[in-house]
Amino acid sequence: MIDASSKISQILFPPACALCGADARKHLICQACEDDLPWHDGLQCPVCAIPTGTGEICGHCLLSPPAFDATRALLAYQFPVSAVLQCYKYAGFLAVAHMMAALFVNKLGDAALPDVIVPMPLHATRLKERGFNQAVEIGRLLARRLRVPFEPAHAKRTRHTTPQAGLAFKERHRNVRGVFAFEPHIAGKNIVLLDDIMTTGASLNALAQAAKKAGAARVECWVMARTLPE
Ligand SMILES: [Zn+2]
Ligand SMILES: [Zn+2]
């Protein structure tokens, strides 16, 4: 599936930059557009990656600590990242997954690597609708580049839920509570949960809870884009 879709992406995304049309030297976007991306690099909460201005743990994480231990976010979820990720998620432009994986590897530098990367699972019904899992494709490419085991089968969604995007922030935690199950293979391991976008963190928190329940030693979230508070 990846190969066929990559070919389609090459047809839809010729060697010109997908954002400005300049020569992108076979990359999805040109160097100037890459430099201009809204990188999520400022001082931020080490737990949930929300900008804090000090780099200290944010009030929300102090008051109700999430089940995950840390979050790394590549980009801020704003234009043009939002448009690029929507093309990827809803139109299946897999070239975006290659770009995100490459950029994320650069961001990691020589950071410590996890024992295993597990992508945010999609329910079978949603997978059938969309045809692919956006977190799986990015995770697979990223894990290959980092030479870290990639285990999409380690986590499962036990029931179909309303899409988080259609819910108020407060309802999102309730919507995903107890919805994930983890294989016990991860006991004692440092794991990374991978997703494309982190908004409230409700889904990642519920997934991290399941991972901790199954015995994970440390859980870090890696996301391509972080929604910033208004
Ligand atoms: Zn460009
Ligand atoms: Zn926080």
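Under the numbering used here, the first residue of the sequence shown carries the number 1, and numbering increases by one thereafter.
For every residue, glycine included, the Cβ atom is placed at its ideal position computed from N, Cα and C.
Within 10 Å of its beta-carbon, does residue i have 16 or more other beta-carbons around it, so buried, or fewer, so exposed?
i: residue 15; result: exposed
i: residue 1; result: With a pLDDT of only 47 at residue 1, under the threshold of 50, the placement of this residue in the model should not be trusted; the figure read from the coordinates follows. Residue 1 comes out exposed.
i: residue 169; result: exposed
i: residue 20; result: exposed
i: residue 79; result: exposed
i: residue 105; result: exposed
i: residue 189; result: buried
i: residue 200; result: buried
i: residue 92; result: buried
i: residue 65; result: exposed
i: residue 159; result: exposed
i: residue 134; result: buried
i: residue 209; result: buried
i: residue 211; result: buried
i: residue 125; result: exposed
i: residue 233; result: Residue 233 lies beyond the range of the chain shown here (1 to 230); nothing can be said about it.
Is DSSP giving residue i helix, strand or coil here?
i: residue 129; result: helix
i: residue 100; result: helix
i: residue 155; result: strand
i: residue 186; result: helix
i: residue 137; result: helix
i: residue 35; result: helix
i: residue 1; result: Low confidence applies here, because residue 1 scores a pLDDT of 47, under 50, leaving its location unreliable; read the following figure in that light. The answer is coil: DSSP assigns residue 1 none of H, G, I, E or B.
i: residue 19; result: coil
i: residue 150; result: strand
i: residue 168; result: coil
i: residue 181; result: strand
i: residue 24; result: coil
i: residue 216; result: coil
i: residue 59; result: helix
i: residue 202; result: helix
Report yes if the CB atom of residue i is closer than 7 Å to the CB atom of residue j, and no otherwise.
i: residue 98; j: residue 73; result: no
i: residue 117; j: residue 68; result: no
i: residue 196; j: residue 85; result: yes
i: residue 28; j: residue 95; result: yes
i: residue 202; j: residue 173; result: yes
i: residue 120; j: residue 224; result: no
i: residue 227; j: residue 90; result: no
i: residue 55; j: residue 43; result: yes
i: residue 192; j: residue 220; result: yes
i: residue 108; j: residue 148; result: no
Which partner residues of residue i appear in the DSSP bridge assignment?
i: residue 221; result: 71, 193
i: residue 76; result: 226
i: residue 119; result: 194
i: residue 44; result: 51
Quick one: residues with CB closer than 7 Å to any heavy atom of ligand 2, in chain order, please.
Any residue whose Cβ sits closer than 7 Å to a heavy atom of ligand 2 makes the list: 45, 47, 48, 50, 57, 58, 60, 61.
Please output, in chain order, the residues near ligand 1 using a CB cut-off of less than 6 Å to any non-hydrogen atom of the ligand.
Residue list for ligand 1: 17, 19, 20, 22, 29, 30, 32, 33 (CB closer than 6 Å to any heavy atom, chain order).
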